[in-house]
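Novice: One structure, as structure tokens, below. Some questions next.
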Amino acid sequence: MMYPFMTLDDEAEIVHSEMLPDERVKVYVEKPDEKDCFHHMTCYLPDYTVEEVFGFTEEEQARYMDVIRSTAHLIIEFAQEGGFDNASGL
Numbered sequence: 000m001m002y003p004f005m006t007l008d009d010e011a012e013i014v015h016s017e018m019l020p021d022e023r024v025k026v027y028v029e030k031p032d033e034k035d036c037f038h039h040m041t042c043y044l045p046d047y048t049v050e051e052v053f054g055f056t057e058e059e060q061a062r063y064m065d066v067i068r069s070t071a072h073l074i075i076e077f078a079q080e081g082g083f084d085n086a087s088g089l
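For the sequence shown, the residue numbers in numbering that gives the first Met the number 0 are 0 to 89.
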């Protein structure tokens with residue numbers, strides 16, 4: 000299951016998985032694109048392994064990785080709690 004985490008000002012959506020059996024969390028970034036439908040990339044925490052990049056420039060990738068790095072502690076916490084809504088009691 001993937002949980003919504005954040006929508007950025009460029010319409011990119013960041014979602015994350017629950018804590019996986021190998022104690023990693025899958026973070027997925029997706030942004031609508033008029034020509035290609037969606038650009039996307041996958042990152043795994045806590046080791047920041049990036050896979051499956053499609054359509055993002057190096058600059059965009061760096062920007063999204065900065066966001067992921069600065070919020071990784073929250074993403075990992077929410078992954079252990081079943082997403083933001085469960086962690087916040089909503």
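Cβ coordinates follow ideal geometry from the N, Cα and C atoms, glycine included.
Starting from the C-beta of residue 44, find all residues in its chain whose C-beta is less than 7 Å away, skip the five residues before and the five after it, and write them out in chain order.
Specialist: Within the same chain, residue 44 has close Cβ partners 23, 24, 26, 71, 74 and 75.
Novice: Could you tell me which residues DSSP pairs with residue 44 in its beta bridges?
Specialist: Bridge partners of residue 44: 24.
Novice: Pull up the distance between the alpha-carbon of residue 64 and that of residue 80, whole angstroms please.
Specialist: Distance between the alpha carbons of residue 64 and residue 80: 23 Å.
Novice: So for residue 76, helix, strand or coil by DSSP?
Specialist: The answer is helix: DSSP assigns residue 76 an H, G or I state.
Novice: Which value, in whole angstroms, describes the spacing of the CA atoms of residue 13 and residue 7?
Specialist: Going by the C-alpha atoms only, they are around 8 Å apart.
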